[in-house]
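Before any comments, here is the structure.
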Amino acid sequence: MADDFQEKTEQPTPKKLDEARKKGDVAKSMEVNSAFSLLFGLLFLWAMSSLFFRQFTTLFYNVMNAGYLTEITQTSVRYYFVQGLIHFGSLVAIFMGGIMLIGIASSLVQVGFLFTLEPLKPKSDRLNPLKGFKKIIFSKRSLEELVKNTIKLVVILYVAYHAIKSYRNDFIPLMDQGAQQVLSFMLMAGLKISFKIGLIFLIVAAADYAFQKYQHTSNLKMTKQEVKDESKQTEGDPKIKSRIRSLQYKMARNRMMQAVPEADVVITNPTHYAVALQYDPEKNGAPRVVAKGQNHLALKIKEIAREHDVPIVEDPPLARALYQAVELEQEIPARFFQAVAEVLAYVYKLKNKALN
1010 MADDFQEKTE QPTPKKLDEA RKKGDVAKSM EVNSAFSLLF GLLFLWAMSS LFFRQFTTLF
1070 YNVMNAGYLT EITQTSVRYY FVQGLIHFGS LVAIFMGGIM LIGIASSLVQ VGFLFTLEPL
1130 KPKSDRLNPL KGFKKIIFSK RSLEELVKNT IKLVVILYVA YHAIKSYRND FIPLMDQGAQ
1190 QVLSFMLMAG LKISFKIGLI FLIVAAADYA FQKYQHTSNL KMTKQEVKDE SKQTEGDPKI
1250 KSRIRSLQYK MARNRMMQAV PEADVVITNP THYAVALQYD PEKNGAPRVV AKGQNHLALK
1310 IKEIAREHDV PIVEDPPLAR ALYQAVELEQ EIPARFFQAV AEVLAYVYKL KNKALN
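Read in order, the letters of the sequence shown are residues 1010 to 1365 in this note's numbering.
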């Protein structure tokens, strides 16, 4: 129960973030999608404006030119309707397809590829209309959205007003222009004004995305106890890990001690170091360290060596150097060949004397 009252001060762990992502809980701003869709949609309209205008005028002239000769029947109406669909349907389809691709791309930029059905799973609290009403009206999220949308609306209206105001001197000369010039002016002015609004949208979207990312991280913050519990789940209880390491060390030491009786010599620094070497010319190219230890472990190695009549040679510099430079079950480096060869020659000489 005490954990429920702990303050969530810790940043979410990678595991917490990954679990949230699998549930579809990611930092995402719909304003980014809207801004990119608006800007790229306007750029597309600007690039295709001449084609749109040409298609419209072609259809208009065809209808007007044939209007005096064509009888208004079901067949003729259907014909002109189909022609209109062919002329504009393809352009609208391309435009809408481009907007859809831009929306998908902006989502991928924000969250990467993510496919999950978790948000679609039914939950009991979603079926309660009272709770849903409270979330809509009284939640912090709703208040944030209200403030954000109000600010966005005020900024957009301000920009739109000044953009339209900048064209006020161009409206009167339009009275002497033809319909094509008026239509062209209105189209280009509308695109420019909309593009300015789109840039404001983009700035608002960037700020909103930063806020969504901050809010998402804040919502996923953890208590110190949650971090400890997760660490135990992913890495194991520190006490258990310590026990496992202790057992592994003990087993390794036992295997090492079992190898001491098979050694050819134990080189020691009288009290601090002991290194047991074994040399089998048929199996190894150089003597191999089969056991080594410091202090208490060194004394244990020497004790086992005496019990099994393994020669012990005191050579403090060589013992220290071998202990520090060579790991267990490794062959000694070439720089120790001469020193170790002298020790082994001495040991073999003692064994020969004992046999004789």
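Even glycine gets a Cβ: it sits at the ideal position worked out from N, Cα and C.
A1285 sits in a strand when the DSSP states are folded into three classes. Exclusion of the five residues before and after A1334 leaves P1342 as the residues of its chain whose Cβ lies within less than 7 Å of its Cβ. Residues of the same chain with a CB within less than 8 Å of the CB of L1048, apart from the 5 flanking positions on each side, are F1204, G1207, L1208, F1210 and L1211 in chain order. Contact annotation: A1219 and V1041 have beta-carbon atoms that are not nearer than 8 Å.
As the crow flies, the alpha-carbon of H1171 is around 15 Å from that of L1200. With contacts defined as CB atoms closer than 8 Å, Q1267 and Y1282 fail to qualify as a contacting pair. Between the alpha carbons of N1293 and Q1287 lies a distance of about 9 Å.
Burial is judged here by how many other beta carbons sit within 10 angstroms of a residue's own beta carbon; R1315 has fewer than 16 and is exposed.
Straight-line measurement puts the Cα of A1300 at about 20 Å from the Cα of R1344. Within the model, the alpha-carbon separation for L1054 versus L1152 is close to 35 Å.
Under the DSSP assignment, I1310 falls in the alpha helix (DSSP H) whose first and last residues are N1304 to E1316. Annotation for K1311: V1275, T1277, A1283 and I1321 place their beta carbon closer than 7 Å to its own, counting only its chain and skipping 5 residues before and after. The C-beta of P1290 has fewer than 16 other C-beta atoms within 10 Å across all chains shown, which makes the residue exposed. The beta-carbon distance between L1327 and V1298, rounded to whole angstroms, is 12 Å. This is too long to meet the 8 Å contact definition. The beta carbons of G1187 and I1108 sit about 32 Å from each other, so the pair does not count as a contact at 8 Å. A distance of 8 Å or more separates the beta carbons of V1035 and V1118.
Taken through DSSP and simplified to helix, strand or coil, E1235 comes out as helix. Rounded to the nearest whole angstrom, the CA to CA distance from S1193 to I1173 is 16 Å. The three-state reading of DSSP puts I1103 in helix, counting H, G and I together. A straight line joining the alpha-carbon of A1295 with that of R1252 spans about 36 Å. For N1293, there is no enclosing beta strand (DSSP E), as DSSP gives it neither H nor E.
V1356 is not a Cβ neighbour of I1313, given a cutoff of 8 Å. Between the beta-carbon of S1046 and that of G1112 there is about 6 Å, and that keeps the pair under the 8 Å contact cut. Straight-line spacing of the CA atoms in D1324 and V1236 works out to 52 Å. Sixteen is the threshold: when 16 or more other Cβ atoms of the shown chains lie within 10 Å of the Cβ of A1272, as they do, the residue is buried. Per DSSP, E1323 is one residue of the beta strand (DSSP E) stretching across I1321 to E1323.
In this structure, the CA atom of M1197 is about 35 Å from the CA atom of Q1221. For K1301, the three-state secondary structure derived from DSSP is strand. Counting the other Cβ atoms within 10 Å of the Cβ of M1265 gives 16 or more, which makes it buried. Shown here, I1341 sits in coil according to DSSP, grouped into three states, outside any helix or strand.
Taking every protein chain shown into account, the CB of P1021 has 16 or more other CB atoms within 10 angstroms, so this residue is buried. When rounded, the separation of the alpha-carbon atoms in V1156 and Y1223 is 17 Å. Looking at the DSSP output, V1274 shares a beta bridge with L1286. The straight-line gap separating the alpha-carbon atoms of T1226 and K1037 is approximately 12 Å. By the criterion of a C-beta distance shorter than 7 Å, I1202 is surrounded in its chain by A1169, A1172 and I1173, once the five residues flanking it on both sides are discounted.
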